[in-house]
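Protein chains in written order, with our numbering: chain A, 10 to 448; chain B, 4 to 272; chain C, 827 to 1143.
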Amino acid sequence: MTGWHPGVAAGGLLAVCAALCACSPGGGGAGDGFRPVDPERAVLWDRQINESAALFRELAAEFNAGRAGVPVEVQHAGSYADIFRKVSASIQAGVLPAMAVSYESMTTDYAAAGAAVPLDPLLNAPETGISPEELADYYPAMLESNRYAEHGGGYYSFPLCKSLLVLFYNTDLVARAGFAGPPATWDAFLEQCRAVRRLTGKPAHAVNVDCSTVDGLIFSMGGEVCRNGETLYDSPEALAVFELYETLVREELAYVITAGSFDDNAALVKGEVAFTLRQSSARNDLVTILGDRRNLLGIAPIPQKDPARPATVVYGPNVTLFPVGEGQTAAAWAFVKWFTRPDISARWSAGTGYLPVRRSALEEPTLKRLWEEWPPGKVPYDCLAFAKSEPNVAGWQEVRDIVGRALLDVLTGTKTAADAIKQMKPQADAALRRAAGNR
Amino acid sequence: MRRAALHIGLTAAALVTAWPFLWMVSTAFKGPLEAASPSLGLWPGAWHWGNVAETFRAAPFGRYLFNSFVVSGAVCLLVTFTSLCAGYAFARLRFPGRNWLFAATLCCMMVPFEAVFIPNFVLVSKFGWYDTHAALIVPWCANAFSLFLMRQAFLSLPGEYYDAARVDGCGHFRFLFLVGLPLVRPSVVTVALFAFLGSYNALLWPLLVTADDSMRVAQVGLTFFVTDAGIRVNLLMCASAIVILPTVVLYFVAQRQFVESALGAGIKA
Amino acid sequence: MTAPGRRGRRMPSDGPVAVVLLAPALILLSVFVVYPMFSSVHMSLYGGRRAAGAFVGLGNYAGLARDPEFWRALAVTGYYVAGTVPLMLGLSLLIALALRRAGRARGFFRTVFFLPYVTSVVAAAMVWRALFNPQSGPVSLLVRSLAGASPNWLLEPRGVLHLVTGGWAPPDAGPSLALCCVMLFDIWHGCGFMVVVFLAGLCAIPPELEDAARLDGAGPVRGFFAVTLPMLSPTVFFLFTVGCVRAFQAFNSFYALTQSDGNGGLDTRNMVLFIYTQFYSYGYWGRAAAAATLLTLVIMGFTLLQWRYLGRKVFYQ
């Protein structure tokens, strides 16, 4: 039989596939706009879980009840990394939610693909926008990080809620080591760690490898992290931070925890370590675990090189809006504006441990009651005034990984601080250059 | 004497293999404080049976398991069907270009799934299957490896079966489903089992194509639960045990089938 | 009847039947494996984020060749394949041989050994991470009570050779301790599958052949190499090929055990994790597609070599 030739048929199929690929555009987003994930609702992809998620949904329901138009729906879509992946792939597919929580490095990526709604027109709109006076109420550091120099300096994301780097300490251990309070300077920090180690015979600080922590420490040393498209990781301040870690490891005052775990907070709660450096939103978890032994937990601003000029790092998500239709964008923007109102902000903050993005939120009775009930809870709010943001340039995600690896090298004793920095800085700069060249 | 040594060796190896699971089950029922303190002991001081209920409360594992079963069951049936047909075709049918086609299919086996993710995601989104069971099932319905296994199985059947069937005037379809299928049952069971396992244990693809809690499968739910449970290691271990349990049960059930068919008549070469 | 007459004539083609039987599998494979593969190669020729930039031809490939991280990932993959596949094969064969003679307890033991394979990597990895926790894991406790100090296990970036030889070998020669932990996990997890396949293969060997060998005076070892191994060779070849391909594609265990999207040590980043990071964390789709294409070529080349040189040695009946 000469008719059927399955081999030829298959070959033909392959050729068709190859031709299809050649015809399709290289990659890129859908040229003619994006479709919404759900046409009836403005979906927000978010990472909250448990009680925070429940509170978020409650607030969304309240928002929807008060207005006509497209209702907002909060969907749990994984971690920030998961959400970034989903949005990246969705851009490719041409289907997006109305908004998603994102870090600055993610938003700059979305903007480069034409998938982020520029927010300046929405801000400046007469009725639905935010007036300059009101805008001044927002913390400048948080607003600034949402303006992207690479995209003309406009706003492409908006701050939703934040957390910042604080020092959690075990009050019992610190007291038994003979100190009246937490350390205010890095020298005092080392001294207290040594004393705790003499007391317990075990390391005093559990380290969670995170570039943001490193950046926060560099800020607290009085330094900067990035300027003019180049990292400043070879500055004296950065070296001081790495040398601090090197000392901690050499004197067995600190150990590194398993990646992705919360072992440091677990150890703090059990009284095995005295100090952890974590974001303030961890407060809720810790308080829940401790229950009525809440007094064991102390919160303090991170130690500073110069207590008169304090600094720490603020992180936490912003929200990016996607161009999936006028009704959806309008609803999303209205929600963002409503969510950052002082009273709503305060409710969210009280319920989750995140920090508000506006100064006037600190006047709200909800928060004042919280502080009366548990005074240490006020500390992160006091730090808001001097918290600085991390850079929002493209390629920063890769830099974060490079810095994390360098820190891990120092913490495991594989490299000295000087060597780690010598290798880290050129790699970080190369990553930034690669990202800049790839736009 | 040698028999005893053999048994001791096997027992030691079995203990090492099983120990992580024993530890997992024992930690799953420990109280929060006991789970957080390190110890080598396997027997919990107090059995907290309520951990199971608490795990189900902490995350909707019931829904997750349901989704996993639906998806994996469908994949299992469809993979078995497609590999059976194609494996038989490659093994016993003669047509021009057969070897080239088979080589091309083998090449498919070498393509890492992680390399074809994004195009697959784009495809699935364009079909409108995002966040549906279809996205979780369809891309997995043909598997080059299972095809290979079925072809091997049909190749290892002695030629007498085929010749006898042809003499009897039995066509290919009848042979395949009436004669061949029972003969290669152990391979079919293997393919089905591995297809189910592969689908049930997959993580990355479900993570990408599902967003809603109601569509989530067990593995993805478990990954999220890592952050969720935080320092509550006992709940984490409990959730792990819950996710593992169905496959263990399935294995026990399928195992008898497997053993019976493998030792049954007709396989001796 | 028909048999003698057939010899002189060309066999009729089974074309139409083949098309019907092959259609489902081939269509699905074309759409979800072949097309994406071409699409991926196509994507690798473009730069920019999400491969939306300019056509760069082989620019991405050149960039990878210049990138030490890429070569490191390749080395890690190589160590991993070389470290897991032979060990898994050898260990499983030993266990299967032992099981064959285990008599009534065979079923029980086989169940135990197969158990890890049945469990999901995510769940098993969580247990292992807890077990190997440097501070509070039972394994660390055990090692600490025996040897005084316990290494950092999954976090230890220094080479195993460096640690074992007390610092004589350089720290980045050979696999790191963390990588060895991942390999151990995968051996533990994957052995069961091979044990079961080997056992099935062993049971299919007619006992008459081995009895004959024994009657001829061959000892157990000689008998194994002369009779058992050749009869098993299709199975061994199959498992070796498949095992290698799977090992090149390993991802779940690496991801679940190190649980670090990008800032984990380079010593545990294999090729697929590298591709994943380039794709998802950094958005360099063209670059990732290029790396994926290279990986596919490596796998294909390696498997072809196996087919060529080892395939000849397989004894089919």
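The C-beta atom is built at its ideal place from N, Cα and C for all residues, glycine as well.
Burial state of residue i (16 or more Cβ within 10 Å)
i, result
"Gly-54 of chain B", "Looking at the sequence provided, one finds Asn at residue 54 of chain B rather than Gly. Under this definition Asn-54 of chain B is a buried residue."
"Gly-38 of chain A", "For Gly-38 of chain A, the pLDDT reaches just 43, beneath the cut-off of 50, and the residue's location in the model is therefore unreliable, although a value from the coordinates is still provided. With 16 or more Cβ atoms within 10 Å of its Cβ, Gly-38 of chain A is classed as buried."
"Phe-1141 of chain C", "exposed"
"Pro-964 of chain C", "buried"
"Pro-34 of chain A", "With a pLDDT of 43 at Pro-34 of chain A, under the threshold of 50, the modelled position of this residue cannot be trusted; read the value that follows with caution. When all chains shown are included, Pro-34 of chain A counts as exposed."
"Ile-298 of chain A", "buried"
"Phe-1189 of chain C", "Chain C is shown only over 827 to 1143; residue 1189 of chain C falls outside these bounds and no answer can be derived."
"Thr-321 of chain A", "buried"
"Cys-32 of chain A", "For Cys-32 of chain A, the predicted structure reports a pLDDT of 45, less than 50, and the residue's modelled location is therefore unreliable. A value from the coordinates is still provided. Cys-32 of chain A is exposed by the Cβ-count criterion."
"Ala-184 of chain A", "exposed"
"Trp-994 of chain C", "exposed"
"Arg-56 of chain A", "buried"
"Gly-985 of chain C", "buried"
Helix, strand or coil at residue i according to DSSP, with G and I counted as helix
i, result
"Cys-79 of chain B", "helix"
"Met-108 of chain A", "strand"
"Leu-277 of chain A", "helix"
"Thr-1061 of chain C", "helix"
"Trp-1133 of chain C", "helix"
"Lys-377 of chain A", "helix"
"Arg-44 of chain A", "strand"
"Gln-1075 of chain C", "coil"
"Asp-196 of chain A", "helix"
"Val-1124 of chain C", "helix"
"Gln-313 of chain A", "strand"
"Asn-293 of chain A", "helix"
"Arg-517 of chain A", "No answer is possible for residue 517 of chain A: the residues shown for chain A start at 10 and end at 448."
"Leu-1035 of chain C", "helix"
Bridge partner(s) assigned by DSSP for residue i
i, result
"Phe-348 of chain A", "For Phe-348 of chain A, which the question treats as bridged, DSSP gives no partner whatsoever."
"Arg-303 of chain A", "Paired residues: none, contrary to the question."
"Val-216 of chain A", "A:Val-265"
"Trp-979 of chain C", "The partner list for Trp-979 of chain C (beta bridge, DSSP) is empty, contrary to what the question assumes."
"Asn-327 of chain A", "A:Ser-111, A:Pro-168"
"Cys-235 of chain A", "A:Thr-240"
"Gly-163 of chain A", "A:Tyr-157"
"His-85 of chain A", "A:Asp-55"
"Glu-76 of chain A", "The sequence shown places Arg at residue 76 of chain A, rather than the Glu named in the question. Arg-76 of chain A pairs with nothing; no bridge assigned."
Alpha-carbon spacing of residue i relative to residue j, whole angstroms
i, j, result
"Gly-325 of chain A", "Leu-152 of chain A", "12 Å"
"Pro-249 of chain B", "Val-947 of chain C", "15 Å"
"Leu-1010 of chain C", "Phe-72 of chain B", "30 Å"
"Pro-192 of chain A", "Glu-136 of chain A", "48 Å"
"Ala-242 of chain B", "Pro-23 of chain B", "15 Å"
"Ser-289 of chain A", "Leu-174 of chain A", "6 Å"
"Met-433 of chain A", "Ala-213 of chain A", "27 Å"
"Tyr-254 of chain B", "Asn-179 of chain A", "48 Å"
"Val-969 of chain C", "Val-990 of chain C", "15 Å"
"Leu-225 of chain B", "Ala-244 of chain B", "10 Å"
"Leu-152 of chain B", "Ser-1107 of chain C", "36 Å"
"Ala-167 of chain B", "Ala-195 of chain B", "28 Å"
"Asn-274 of chain A", "Pro-385 of chain A", "17 Å"
"Gly-446 of chain A", "Thr-423 of chain A", "33 Å"
Proximal residues of chain A, C-beta to C-beta of residue i below 9 Å
i, result
"Ser-128 of chain B", "Ala-98, Ser-99, Gln-101, Ala-102, Gly-103, Val-104"
Neighbouring residues, chain C, relative to residue i (Cβ below 7 Å)
i, result
"Glu-407 of chain A", "Tyr-1108"
"Tyr-254 of chain A", "Simply none; closest approach about 15 Å."
"Arg-94 of chain A", "Tyr-1106"
"Ile-247 of chain B", "Thr-945, Ser-946, Ala-949"
9 Å Cβ cut-off: residues of chain C touching residue i
i, result
"Trp-26 of chain B", "Val-953, Ala-956, Leu-957, Pro-964"
"Ser-243 of chain B", "Thr-945, Ser-946, Val-948, Ala-949, Ala-950, Met-952, Val-953"
Beta-carbon neighbours of residue i, restricted to chain A and to distances below 7 Å
i, result
"Val-125 of chain B", "Gln-101, Ala-102"
"Arg-898 of chain C", "Correct list: empty, because the minimum Cβ distance to chain A is about 12 Å."
Residue i: contacting residues in chain B (beta-carbon distance under 7 Å)
i, result
"His-9 of chain A", "What is shown of chain A runs 10 to 448, which leaves residue 9 of chain A out entirely."
Within chain C, partners of residue i - CB distance below 8 Å
i, result
"Ala-423 of chain A", "According to the sequence shown, residue 423 of chain A is Thr rather than Ala. Those within 8 Å of Thr-423 of chain A in chain C are Pro-983, Arg-984, Pro-997."
Neighbour list for residue i in chain B, Cβ cutoff strictly below 8 Å
i, result
"Asp-91 of chain A", "Leu-210"
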